[in-house]
Amino acid sequence: MTLVKTALILILVCGFLLCCIPLTFYEIPVSWEGFYHARIAENFATGQYYDSGSFGPEGRPQVYPPVFHIVSALLIRVLSVDGLFLARWGPPFLFCALIMVWYFLISQLYQKSTALLSSLFLLAIPAFTDLGFLFSPQSFALIFIFLAFYFLDRPVTSGIFGGIVVMTQFSAVFYFFLVLTIWSLLDPTKRKSAAKTIALSLVIASPYLSYFVYHFPSFGIILGNLGFKYFFLKTTFGITALALLGLKKEWFAVSLCIPGLILSSLQPTNFCYLTFPLVLFSAFFVRDFFIHKKYGVIALVFLLWLLLIPSQEYISKLQPVSEYESFVWLKENSVDSIVASGWYQAPVIAFVSERT
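Residue numbers (this note's numbering): 413 to 768.
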């Protein structure tokens, strides 16, 4: 086994164990969002395609992009597990798969050393490690986004992956199309293949998009910016500083950066999109700075250890909101025909109540 493969395996093992820290302490998912996706996946697994648990009392047609829920439903059936088990233990595997795809993409575009460094730096950013325990289509969509970038010179393959992205998660769709558009504007050699990929993605997803438009739901977009304090909590001072030091005219990295900045400024949950340009620019700086230093390896190991501290501290403090037990009590001690809910607690209440 080569040194590069060994390093990649160690990064994946480290990432998997890091994500499992909060999961081993609790028997329920850490995030409320996971309850929503677990419930929809269970509905799909039993052949129910009407979302009766949301937007009560009448519910609504299931309009959320379906690919993630279809795959989750298949896993529930094949593995004979329930939605909560999948919502707890599925994310670390998606997390590792995402790191692997990212590594292969960056290896194709740059050096393997840059790919390894950027993959390791991903573990140091809380906004990225969030994906390791959140049962969300975001990780799933990002895997196919990077696969589409990897196969961009083969527009048919790239377009198929792009179509899957469109049918998986909406914010990921905007990120995907923005990156492709900016990349093609900055690098003329990518324009033709990017245009074909975008067009084919929309064609493949057109049946779902037609269904979505026909059943277009009423909803309000929740936007917000929590300021620099939250930004540095999610991205850390260390990685941000390294990224600023490593800024350079690398068109793919710039193409990742602009959509990441736009989307993260609109909604805090989109900070994960900003992590990729941050780790890439950080890897540029660290590789160029340490590669010719006499004690570069020792300094690099110390730096990596220092960078990983905030992420470990962040994950060690994660826990589910304690109101879950209260919702279980309400289910067992309230009238069957009544469900009390709120916007923030709606996913878990709909899952626990089992009232349709």
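Backbone N, C-alpha and C define an ideal beta-carbon position, used for all residues, glycine too. Computed from a prediction, not measured in an experiment: that's the story for all the values here.
Asked: Cβ shell of G571 (< 6 Å), same chain only, five flanking positions each side left out; Found: T609, L612 and S613
Asked: Local Cβ density within 10 Å of A653, reported as buried at 16 or more and exposed below that; Found: exposed
Asked: Three-state secondary structure assigned by DSSP to Y462; Found: strand
Asked: Enclosing alpha helix (DSSP H) for D512 [first to last residue]; Found: Per the sequence presented here, residue 512 reads as Met, with Asp not at that position. M512 -> alpha helix (DSSP H) spans G495 to L521.
Asked: Cβ distance (whole Å) where L675 is taken to contact F556 below 8 Å; Found: Wrong, their Cβ atoms sit about 17 Å apart, outside the cutoff.
Asked: Cut-off 7 Å between Cβ atoms - residues of its own chain near F552, not counting five sequence neighbours on either side; Found: F480, L506 and T580
Asked: Beta-carbon proximity of G495 to E454, cut-off 8 Å; Found: yes
Asked: Candidates A606, S583 and A584, of which the one nearest T593 by Cα; Found: A606
Asked: Beta-bridge pairing of P473 - partner residues as DSSP gives them; Found: Y462
Asked: G658, DSSP secondary structure in three states; Found: coil
Asked: Near the ligand ATP: L559 beta-carbon under 7 Å from a heavy atom; Found: The ligand ATP is absent from the structure shown, which contains no ligand whatsoever.
Asked: Spatial distance of D599 from P567 (CA atoms); Found: 16 Å
Asked: Local Cβ density within 10 Å of R451, reported as buried at 16 or more and exposed below that; Found: buried
Asked: Endpoints, the alpha helix (DSSP H) within which L422 is located; Found: L415 to L435
Asked: Nearest to W595 (by Cα), restricted to the options L678, S443 and L668; Found: L668
Asked: Span separating the alpha-carbon of A695 from that of F628; Found: 43 Å
Asked: Y438 (DSSP reduced to helix, strand or coil); Found: coil
Asked: Residues of its chain near A655, where Cβ-Cβ distance is below 6 Å and the 5 sequence neighbours each way are ignored; Found: L690, F693 and S694
Asked: Buried versus exposed call for Y462 [16 or more other C-beta atoms within 10 Å across all chains shown]; Found: exposed
Asked: C-alpha gap between L554 and V483, whole angstroms; Found: 15 Å
Asked: Inter-residue Cα distance where the pair is R603 and V591; Found: 12 Å
Asked: Own chain, CB closer than 7 Å to C426, minus 5 neighbours either side, in chain order; Found: L535
Asked: Where L407 sits in the DSSP three-state scheme; Found: Nothing about residue 407 can be reported from this structure: the residues present for the chain run from 413 to 768 only.
Asked: Inter-residue spacing [alpha-carbon to alpha-carbon] between Q474 and W444; Found: 19 Å
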